[in-house]
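Participant: In the numbering used here, the protein residues as written are 37 to 454. Ideal Cβ placement from N, Cα and C applies to all residues, glycine included. Next up is a structure, given as structure tokens.
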Ligand SMILES: Cc1ncc(COP(=O)(O)O)c(C=O)c1O
């Protein structure tokens with residue numbers, strides 16, 4: 037199993053997909069079936085239901101979260117000359133989206149919550165800063181009170197990357213509704229999935245219209261795709277109708293998936309209990325956490341490394357394109373001897389990156405990640421670092437067994453490290 041959403045696939049997803057195939061309407065516009073205004077396609081119904089679930093004013097389905105971030109940033113006016121602050125622990129996608137707008141990503145530290153540190157955001161603001169991307173990593177909400185305060189004070193856009201936190205909340209309000217826009221992913225590791233896919237939420241009418249036009253060749257929202265919106269060069273980032281069909285079935289299951297994840301997280305954490313020298317990641321709102329993983333931070337990197345090796349997992353500083361220090365794209369100072377074709381290919385980051393981020397650039401992020409490991413509760417993803425633990429369908433015996441394994445491994449590894 038990969039993510040919680042896919043573990044819950046059943047007749048509902050099959051029925052929605054089959055109805056698309058039987059009706060032969062594979063576009064969100066259902067071109068053969070209306071007289072001007074598109075009737076409700078699966079994509080449109082998914083948008084409607086996700087909007088209702090989250091309380092957002094606008095919801096736009098796309099082909100990925102990366103597309104939603106890119107279109108949202110462009111629609112918000114981010115472009116060449118601007119700086120956008122992103123955390124050094126993220127997935128590379130929001131950094132890539134910034135780079136492709138022509139703006140420069142500026143990396144900031146995380147804190148013990150493994151999320152963007154509002155104090156370091158404040159320290160990284162310059163006259164060129166335009167936006168801050170709060171990445172709700174590992175299913176948990178960022179400190180949105182503090183990030184809201186700092187962005188308001190400096191007149192910056194707050195953007196939410198909710199890819200890993202679909203359905204999550206912060207003090208009772210849905211993630212993705214705090215920033216100028218929020219972007220979600222429907223890839224296979226997420227709380228709800230359609231294989232691939234993305235969503236943009238916004239409360240801003242202009243941003244919605246512009247993002248819609250950008251995602252569909254300059255079209256106006258919800259018309260046939262032939263009615264012009266703002267005069268701009270759009271791309272095609274549309275959500276496919278088959279994706280919409282699966283996403284529709286999944287959004288209806290999301291509340292139940294989250295209930296199960298949260299109950300299993302609590303059982304697993306209780307069964308593990310307190311361990312000397314180990315701290316469970318503090319959360320800014322435990323009730324709003326999607327509970328896809330449990331994160332533990334050890335007193336020393338040596339012990340964390342020993343535990344990770346014995347469990348057959350990794351410490352988070354080894355988590356591929358999630359830790360900035362593993363992203364060679366952030367090293368414009370390096371030549372690409374290992375990637376010969378890259379020297380012939382235009383590299384957008386070369387044009388926009390004025391800073392380079394070798395390992396050590398964010399010492400607190402490096403330190404925390406090197407001392408932290410994950411147990412899966414529902415996202416089983418060895419690249420992320422959550423290859424061990426339980427999945428969303430785990431019963432009490434499986435939860436007990438995972439807790440026992442973790443506890444004895446920590447005890448043995450701690451003794452060995454002494
Ligand atoms: C934090 C984060 N942002 C963005 C993305 C990109 O999502 P997508 O694969 O839908 O483009 C991911 C994907 O894993 C992610 O984890």
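Let me know the alpha helix (DSSP H) ranges lying completely inside the region 278–349, each 4 residues or longer, listed in chain order.
Facilitator: For the region 278–349, whole alpha helix (DSSP H) runs of length 4 or above, ordered along the chain, are 337–347.
Participant: Between residue 193 and residue 237, what straight-line distance do the alpha-carbon atoms span, to the nearest angstrom?
Facilitator: Taking the chain shown and counting its residues from 1, one reaches residue 193 at position 157. Taking the chain shown and counting its residues from 1, one reaches residue 237 at position 201. The straight-line gap from Cα to Cα measures roughly 15 Å.
Participant: Output yes or no for whether 8 Å exceeds the beta carbon distance between residue 330 and residue 446.
Facilitator: As a working note, residue 330 is residue 294 in the chain shown. As a working note, residue 446 is residue 410 in the chain shown. Taking 8 Å as the Cβ cut-off, residue 330 and residue 446 do not qualify as a contacting pair.
Participant: Can you tell me whether DSSP reads residue 457 as helix, strand or coil?
Facilitator: Nothing can be reported for residue 457: it is not among the residues displayed for the chain, which extend from 37 to 454.
Participant: To which residues of the same chain is residue 376 closer than 7 Å at the C-beta, ignoring the five residues directly before and after it?
Facilitator: Position 340 of the chain shown, counted from the first residue, corresponds to residue 376. Reliability fails at residue 376, whose pLDDT of 49 lies under 50, so the model's placement of it is uncertain and no value is given.
Participant: Label residue 51 either buried or exposed according to how many other C-beta atoms from any shown protein chain fall within 10 Å of its C-beta, with 16 as the threshold for buried.
Facilitator: Translated into the one-based positions of the chain shown, residue 51 becomes position 15. So residue 51 ends up on the exposed side.
Participant: Using DSSP with H/G/I as helix, E/B as strand and the rest coil, what is residue 388?
Facilitator: For the purposes of this step, residue 388 is taken as residue 352 along the chain shown, with counting starting at 1. Looking at residue 388 - three-state DSSP - the assignment turns out to be helix.
Participant: Only counting the same chain, and skipping five residues up and downstream in sequence, which positions put a Cβ closer than 6 Å to that of residue 137?
Facilitator: Counting from 1 along the chain shown, the entry for residue 137 is found at position 101. The answer, listed in chain order, is 109, 110, 114, 115.
Participant: Starting from the Cα of residue 265, find the closest Cα among 249, 300, 347 and give me that residue.
Facilitator: Along the chain shown, read from residue 1 onward, the residue named residue 265 stands at position 229. Per the Cα distances, 249.
Participant: Could you check which residue in 141, 183, 149, 147 has the C-alpha nearest to that of residue 164?
Facilitator: For the purposes of this step, residue 164 is identified with residue 128 of the chain shown, where counting begins at 1. When each option's Cα is compared against that of residue 164, the closest is 141.
Participant: I'd like to confirm the pairing. Which residues does DSSP put opposite residue 141 in its beta bridges?
Facilitator: Walking along the chain shown from the start, residue 141 turns up at place 105. In DSSP, residue 141 forms a bridge with 120.
Participant: Helix, strand or coil for residue 227? Go by DSSP, reduced to three states.
Facilitator: One-based indexing of the chain shown puts residue 227 at position 191. In this structure, residue 227 counts as coil in the three-state DSSP scheme.
Participant: How many Å lie between residue 292 and residue 383 at the Cα?
Facilitator: Reading the chain shown from its first residue, position 256 is the one you call residue 292. Reading the chain shown from its first residue, position 347 is the one you call residue 383. Distance between the alpha carbons of residue 292 and residue 383 is about 43 Å.
Participant: Let me know if residue 300 comes out buried or exposed under the rule of 16 or more other beta-carbons within 10 Å of its beta-carbon.
Facilitator: Here residue 300 is taken as the residue at index 264 of the chain shown, counted from 1. That one is buried.
Participant: Is DSSP giving residue 364 helix, strand or coil here?
Facilitator: For the purposes of this step, residue 364 is taken as the residue at position 328 of the chain shown. It is helical.
Participant: Would you please verify whether the beta carbon of residue 168 is less than 8 Å from any beta carbon of chain D?
Facilitator: The displayed structure is made up of one protein chain only, and chain D is not part of it.
Participant: Skipping 5 residues on each side, what residues in its chain have a beta carbon closer than 8 Å to that of residue 98?
Facilitator: Along the chain shown, one-based indexing puts residue 98 at 62. Once the five neighbours on either side are set aside, the close Cβ partners of residue 98 are 104, 107, 233, 234, 235, 236, 251, 273, 274, 275.
Participant: Does the region 145–159 come close enough to the region 394–407 to have 3 or more Cβ pairs within less than 8 Å?
Facilitator: Contact holds: three or more Cβ-Cβ distances are below 8 Å.
Participant: Sort 86, 387, 54, 366 by Cα distance to residue 220 and report the nearest one.
Facilitator: On the chain shown, position 184 is the one that residue 220 refers to. The shortest Cα separation from residue 220 among 86, 387, 54, 366 belongs to 86.
Participant: If the criterion is Cβ atoms closer than 8 Å, does the pair residue 431 and residue 43 meet it?
Facilitator: For the purposes of this step, residue 431 is identified with residue 395 of the chain shown, where counting begins at 1. For the purposes of this step, residue 43 is identified with residue 7 of the chain shown, where counting begins at 1. No, these two residues do not count as a Cβ contact at 8 Å.
Participant: Give every residue of the same chain whose Cβ lies closer than 6 Å to the Cβ of residue 223, excluding the five residues on either side of it in the sequence, and list them in chain order.
Facilitator: If you number the chain shown from 1, residue 223 lands on position 187. Hits under 6 Å: 232.
Participant: Counting Cβ pairs, one atom from each stretch, are 3 or more of them under 8 Å apart for the region 207–214 and the region 183–197?
Facilitator: Output reads yes: the region 183–197 touches the region 207–214.
Participant: Distance check for residue 407 and residue 368, CA to CA, integer angstroms please.
Facilitator: Start at 1 with the first residue of the chain shown, and residue 368 comes out as number 332. Start at 1 with the first residue of the chain shown, and residue 407 comes out as number 371. Distance between the alpha carbons of residue 368 and residue 407 is about 28 Å.
Participant: Relative to ligand 3, is the shortest distance from any of its heavy atoms to the C-beta of residue 255 smaller than 7 Å?
Facilitator: This structure lacks ligand 3; its bound ligands are ligand 1.
Participant: Please state the DSSP three-state secondary structure of residue 269.
Facilitator: Position 233 of the chain shown, counted from the first residue, corresponds to residue 269. DSSP places residue 269 in coil when its eight states are reduced to three.
Participant: Is the beta carbon of residue 53 less than 8 Å from the beta carbon of residue 278?
Facilitator: Residue mapping note: residue 53 aligns to position 17 of the chain shown, counting from 1. Residue mapping note: residue 278 aligns to position 242 of the chain shown, counting from 1. Yes. Within cutoff.
Participant: To the nearest angstrom, how far is the alpha carbon of residue 184 from that of residue 122?
Facilitator: For the purposes of this step, residue 184 is taken as the residue at position 148 of the chain shown. For the purposes of this step, residue 122 is taken as the residue at position 86 of the chain shown. Rounded to the nearest angstrom, the two C-alpha atoms are 15 Å apart.
Participant: Since residue 411 contacts residue 424 with CB under 8 Å, what's their CB separation in whole angstroms?
Facilitator: Walking along the chain shown from the start, residue 411 turns up at place 375. Walking along the chain shown from the start, residue 424 turns up at place 388. About 6 Å separates the two Cβ atoms, so the contact holds.
Participant: Would you identify the three-state DSSP class for residue 220, choosing helix, strand or coil?
Facilitator: Numbered from 1 along the chain shown, position 184 holds the residue referred to as residue 220. Here residue 220 sits in strand by DSSP.
Participant: If you follow the alpha helix (DSSP H) that residue 97 is in, where does it begin and where does it stop?
Facilitator: Translated into positions along the chain shown, residue 97 becomes position 61. Unbroken run through residue 97 is the beta strand (DSSP E), 94–98; no alpha helix (DSSP H).
Participant: Is the beta carbon of residue 203 less than 8 Å from the beta carbon of residue 228?
Facilitator: Taking the chain shown and counting its residues from 1, one reaches residue 203 at position 167. Taking the chain shown and counting its residues from 1, one reaches residue 228 at position 192. Cβ distance < 8 Å, so residue 203 and residue 228 count as in contact.
Participant: May I ask whether a heavy atom of ligand 1 can be found less than 7 Å away from the beta carbon of residue 171?
Facilitator: For the purposes of this step, residue 171 is taken as the residue at position 135 of the chain shown. Answer for residue 171: yes, Cβ within range of ligand 1.
Participant: Starting from the C-beta of residue 361, find all residues in its chain whose C-beta is less than 6 Å away, skip the five residues before and the five after it, and write them out in chain order.
Facilitator: Translated into the one-based positions of the chain shown, residue 361 becomes position 325. The residues are 395.
Participant: Any chance the region 313–320 sits against the region 58–66, with 3 or more Cβ pairs inside 8 Å?
Facilitator: No, because fewer than three Cβ pairs between the region 313–320 and the region 58–66 fall closer than 8 Å, the two stretches do not touch.
Participant: Can you check the region 128–189 for any alpha helix (DSSP H) of at least 4 residues that lies completely inside it and give the ranges in chain order?
Facilitator: Within the region 128–189, the complete alpha helix (DSSP H) runs of at least 4 residues are 128–137, 154–160, 180–189.
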